[in-house]
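Take a look at the structure set out below.
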Amino acid sequence: MSDALNTFEASRAEKLQRLKELQIDPWGGRFDDHRPIREIRALDPEAEPPHQVRAAGRILQRRVQGKVHFVDIWDWTGRIQVYLGQKQIGELGWKITQNLDLGDLIGVDGILKKTRTGELTIFADKLTFLTKSLEPHPDKWGGMQDIEYRLRHRYLDLIYTPETLDRALKRVKIIRTIRNFLDNEGYLEVETPVLHAIAGGAAARPFVTHHNALNIQLYQRIALELHLKRLLVGGLEKVYEIGRVFRNEGISPKHNPEFTMLELYQAYGDYHTMMDLTENLIVAVVRELLPDANAPLKLPYGQGEIDFTPPWQRASYAELFQQHIGVAMDDRVGVEQAARKHGIVTTGKDHDVLVHELFEECVEDKLQGPVFVYDYPAGLCPLTKRKRDAEHIAERFELYIQGMELANAYTELNDPITQEQTFRTQLAGLPEEESMARMDEDFVRALRYGMPPAGGLGIGIDRLVMLLTNTQTIRDVILFPLLRPEK
RNA sequence: GGAGGCGUAGCUCAGUCGGUAGAGCAACGGACUUUUAAUCCGUUGGUCGUGGGUUCGAGUCCCACCGCCUUCACCA
28 MSDALNTFEA SRAEKLQRLK ELQIDPWGGR FDDHRPIREI RALDPEAEPP
78 HQVRAAGRIL QRRVQGKVHF VDIWDWTGRI QVYLGQKQIG ELGWKITQNL
128 DLGDLIGVDG ILKKTRTGEL TIFADKLTFL TKSLEPHPDK WGGMQDIEYR
178 LRHRYLDLIY TPETLDRALK RVKIIRTIRN FLDNEGYLEV ETPVLHAIAG
228 GAAARPFVTH HNALNIQLYQ RIALELHLKR LLVGGLEKVY EIGRVFRNEG
278 ISPKHNPEFT MLELYQAYGD YHTMMDLTEN LIVAVVRELL PDANAPLKLP
328 YGQGEIDFTP PWQRASYAEL FQQHIGVAMD DRVGVEQAAR KHGIVTTGKD
378 HDVLVHELFE ECVEDKLQGP VFVYDYPAGL CPLTKRKRDA EHIAERFELY
428 IQGMELANAY TELNDPITQE QTFRTQLAGL PEEESMARMD EDFVRALRYG
478 MPPAGGLGIG IDRLVMLLTN TQTIRDVILF PLLRPEK
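When we follow this note's numbering, the leftmost residue of the first sequence carries the number 28, and every step to the right adds one.
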């Protein structure tokens, strides 16, 4: 602790003590019937008699003018000026006023009028102290600039960086819209386990944990897929879950170790069903974020904007491959040559692995979208049904927007015999932890009882929120992203 | 993991060629009953990320480490 901090703390602690001496509880208590500041701001300041209002909020600014203090208080709906005059506020109120600091929480009762400079103001006749802030708050003008400081003090970031609160509120709105949409479509929201004995449904390294009483190793889920499909077997024809998944991998502007996935499954559908659904779902969400129903379906992103006007482009994996790489994806010799040209190590790698490495290298960034890329090399898709007339192609699509994979969908593989084989097939060129060749016998057994043919869809909610709120880093759409602990 | 950048007061930031550590806001004292980043007068506040090294002298140069950011790798 530096001396400076001690000075700040001492000053605030001293005021805390003075409040106690005034018989004021510096930690406040119940304060009923205060109105959101946004509502108060909507009232008519010219009304006769003036509106009597009660507000509660945090002091963000103060202008002291002798026997009058002007303080700006803030709540999560807005900010308003409060006039605290020595005569108007009463003897005790004036003593409290002497001991206010920036960052304290107060409640005020008073009338709503404009000052002579036209500022909407609560002229307080009663001041209720609600909570002391013992720490100094960020600069009232400079705000918070240091990224690490913002992340480690997200509670302050919500107060002092308006965009942070705005994104948090939009995220809630986006997820609520998704739920409303799916509920209206007849989907059932379910909850499946987070702790898995086998971390299946995706290719990712899991977090490992341990259950003491059973003395077994458990994994935190890396996907929702396999349990939701078990529910299809159980006759729940349309199910979804919005849940947290955990992947023990790198952190980047597009990756957080825990993130939120939407997965949904529809019996008797296929990947084309899912394409239509995805488009309708996201368009519904975009509409909720637009100012009015007639606004064009466009949202700003980075330097440009994203046009969500349907119908979205639909392009096959093979045609994009041909277009951007210049060879057919089933041309084994051509693919190998192209891979080497791009510096990709080819020895010992499966053809489908090479194809996809090339695709990621040369095509993904260019997919500004929204564009549905469909019909993937089957080797990469062990949970996907193969095309009836082309065994090497899987009925899968991914939705790309701004070069980001946003959604991933299949016609689900419901053939237990093929499923068992693909679980056992270790693709050459993929390290074990990246492989989906993890046998889940219980899941295969479920398929053996008969899973209806189905379409399934996964959407990365965090990335969707990024795209819809013009946010460049996943850490700003997650309130508390993972940080290295302070020592 | 590789490469590059950054780390100075509570917050936001300067700090030139290596020569006594700076500003605004905040805080403290004073004036002020309609201010708007209020103003005015005065004051306090520093392990310059940490540890070494070079030097008469290091915030500044060198090395190592820590943290953050960017980028690459990784993330089917």
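Virtual Cβ for every residue (Gly too), placed ideally from N, Cα, C.
Using 10 angstroms around the beta-carbon of isoleucine 243, count the other beta-carbons present and answer buried if the total reaches 16, otherwise exposed.
Your numbering for residue 243 matches position 216 in the first sequence. Answer is exposed; the Cβ neighbour count stays below 16.
Could you please give me the residues that DSSP links to proline 404 through a beta bridge?
In the first sequence, the residue the question calls residue 404 occupies position 377. Note: proline 404 sits in a beta bridge opposite Ile420.
Between which residues of its own chain and threonine 449 is the CB-CB distance below 6 angstroms, once the five residues before and five after are set aside?
The count along the first sequence starts at 1 and reaches residue 449 at position 422. So the list reads Pro409, once near-sequence residues are dropped.
Between the CA atoms of glycine 117 and threonine 204 - distance to the nearest angstrom:
Counted from its first residue, the first sequence places residue 204 at position 177. Counted from its first residue, the first sequence places residue 117 at position 90. Their Cα atoms are separated by approximately 48 angstroms.
Cα-Cα, which of Leu326, Arg177, Met493 is closest to threonine 188?
Your numbering for residue 188 matches position 161 in the first sequence. Among Leu326, Arg177, Met493, the Cα nearest to that of threonine 188 is on Arg177.
Using only alpha-carbon positions, find the residue among Gly370, Ala481, Ile444 that is nearest to glutamate 523.
The structure shown does not extend to residue 523, since the chain spans only 28 to 514, so no value can be given for it.
Can you check DSSP and say which residues form a bridge with threonine 236?
Mapped onto the first sequence, residue 236 falls at position 209. Paired residue(s): Leu245.
State the beta-bridge partners of aspartate 99 as determined by DSSP.
Start at 1 with the first residue of the first sequence, and residue 99 comes out as number 72. Bridge partners of aspartate 99: Gln88, Gln108.
Look at glutamate 216 and leucine 509 and say whether their C-beta atoms are less than 8 angstroms apart.
Indexing the first sequence from 1 puts residue 216 at position 189. Indexing the first sequence from 1 puts residue 509 at position 482. Cβ distance not < 8 angstroms, so glutamate 216 and leucine 509 don't count as in contact.
Which same chain residues end up closer than 7 angstroms to glutamate 41 when comparing Cβ atoms and leaving out the 5 residues on each side of it in sequence?
Within the first sequence, residue 41 is the residue found at index 14, counting from 1. Closer than 7 angstroms at the Cβ level, and outside the excluded window around glutamate 41, lies no residue.
Residues near threonine 124 by beta carbon distance below 6 angstroms, same chain, minus five either side
The count along the first sequence starts at 1 and reaches residue 124 at position 97. Around threonine 124: His96, Leu111.
Using 8 angstroms as the Cβ pair cut-off and three pairs as the minimum, do the segment 345-362 and the segment 232-242 touch?
no
In three-state DSSP terms, what is threonine 188?
Here residue 188 refers to the residue found at position 161 of the first sequence. DSSP places threonine 188 in coil when its eight states are reduced to three.
At which residues does the alpha helix (DSSP H) containing phenylalanine 450 begin and terminate?
Your numbering for residue 450 matches position 423 in the first sequence. 443-451 is the extent of the alpha helix (DSSP H) around phenylalanine 450.
Considering only C-alpha positions, which residue in the set Arg341, Val372, Phe470 is nearest to tyrosine 23?
Here the chain comprises residues numbered 28 to 514, so residue 23 is not present and cannot be evaluated.
Can isoleucine 100 and arginine 85 be called in contact, C-beta distance under 8 angstroms?
Taking the first residue of the first sequence as position 1, residue 100 is located at position 73. Taking the first residue of the first sequence as position 1, residue 85 is located at position 58. In this structure, arginine 85 lies closer than 8 angstroms to isoleucine 100 by Cβ.
Give a yes or no on whether the C-beta atoms belonging to isoleucine 149 and valine 109 are separated by under 8 angstroms.
Looking up residue 149 in the first sequence gives position 122. Looking up residue 109 in the first sequence gives position 82. Their beta carbons are under 8 angstroms apart, which means isoleucine 149 touches valine 109 by this criterion.
If I follow the unbroken beta strand (DSSP E) through alanine 436, where does it start and stop?
Taking the first residue of the first sequence as 1, we reach residue 436 at position 409. 431-438 is the span of the beta strand (DSSP E), which, as asked, contains alanine 436.
Going by DSSP in three states, methionine 28 sits in which element: helix, strand or coil?
Locating residue 28 in the first sequence gives position 1, where the first residue counts as 1. Because the pLDDT at methionine 28 is just 33, under 50, the model does not fix this residue reliably, and the value given afterwards should be weighed accordingly. Methionine 28 falls in the coil class under three-state DSSP.
Could you have a look at arginine 511 and say whether DSSP puts it in helix, strand or coil?
What you label residue 511 is simply residue 484 of the first sequence in a count that begins at 1. Arginine 511 falls in the coil class under three-state DSSP.
Spatial neighbours of aspartate 297 within its chain, please: CB distance less than 6 angstroms, with the 5 preceding and 5 following residues excluded, ordered by chain position.
For the purposes of this step, residue 297 is taken as the residue at position 270 of the first sequence. So the qualifying residues of the chain are Thr438, Gly482.
To the nearest angstrom, report how far apart valine 362 and glycine 396 are at their CA atoms.
Mapped onto the first sequence, residue 362 falls at position 335. Mapped onto the first sequence, residue 396 falls at position 369. The straight-line gap from Cα to Cα measures roughly 25 angstroms.
Helix, strand or coil for leucine 43, going by three-state DSSP, please let me know.
For this step, residue 43 is matched to residue 16 along the first sequence. In this structure, leucine 43 counts as helix in the three-state DSSP scheme.
Under 8 angstroms between the Cβ atoms of leucine 251 and methionine 288?
Against the first sequence, residue 251 aligns to sequence position 224. Against the first sequence, residue 288 aligns to sequence position 261. Closer than 8 angstroms, so yes.
Pull up the distance between the alpha-carbon of glycine 137 and that of threonine 144, whole angstroms please.
Counting from 1 along the first sequence, the entry for residue 137 is found at position 110. Counting from 1 along the first sequence, the entry for residue 144 is found at position 117. Approximately 19 angstroms between the Cα atoms of the pair.
How about threonine 336 and leucine 326: do their beta carbons lie closer than 8 angstroms?
Position 309 of the first sequence holds residue 336. Position 299 of the first sequence holds residue 326. Cβ atoms of threonine 336 and leucine 326: not closer than 8 angstroms.
On a CA-only basis, which of Arg206, Val260, Ala322, Asp184 is nearest aspartate 442? Give me that one, please.
Indexing the first sequence from 1 puts residue 442 at position 415. When only C-alpha atoms are compared, the closest one is Val260.
CA-to-CA distance, leucine 381 to arginine 314, given in whole angstroms
The count along the first sequence starts at 1 and reaches residue 314 at position 287. The count along the first sequence starts at 1 and reaches residue 381 at position 354. Rounded to the nearest angstrom, the two C-alpha atoms are 40 angstroms apart.
Apart from the five residues on each side of it in sequence, which residues of its chain come closer than 6 angstroms, Cβ to Cβ, to alanine 294?
Along the first sequence, one-based indexing puts residue 294 at 267. Hits under 6 angstroms: Leu259, Glu264, Pro479, Ala481.
Distance between arginine 194 and leucine 241 (C-alpha atoms, nearest Å)
Numbered from 1 along the first sequence, position 214 holds the residue referred to as residue 241. Numbered from 1 along the first sequence, position 167 holds the residue referred to as residue 194. About 42 angstroms.
By the 10 Å Cβ neighbour count, where 16 or more other Cβ atoms means buried, how is asparagine 207 classified, buried or exposed?
In the first sequence, counting from the first residue as 1, residue 207 sits at position 180. By the neighbour-count rule (16 or more Cβ atoms within 10 Å), asparagine 207 is not buried but exposed.
Could I get the ranges of all uninterrupted alpha helix (DSSP H) runs contained in the segment 176-230, with 4 residues as the minimum, in chain order?
181-187, 189-211
What distance in whole Å lies between the Cβ atoms of valine 312 and isoleucine 516, which are believed to be in contact at a cut-off of 8 angstroms?
Because the chain is modelled from 28 through 514, residue 516 falls outside the range shown and cannot be assessed.
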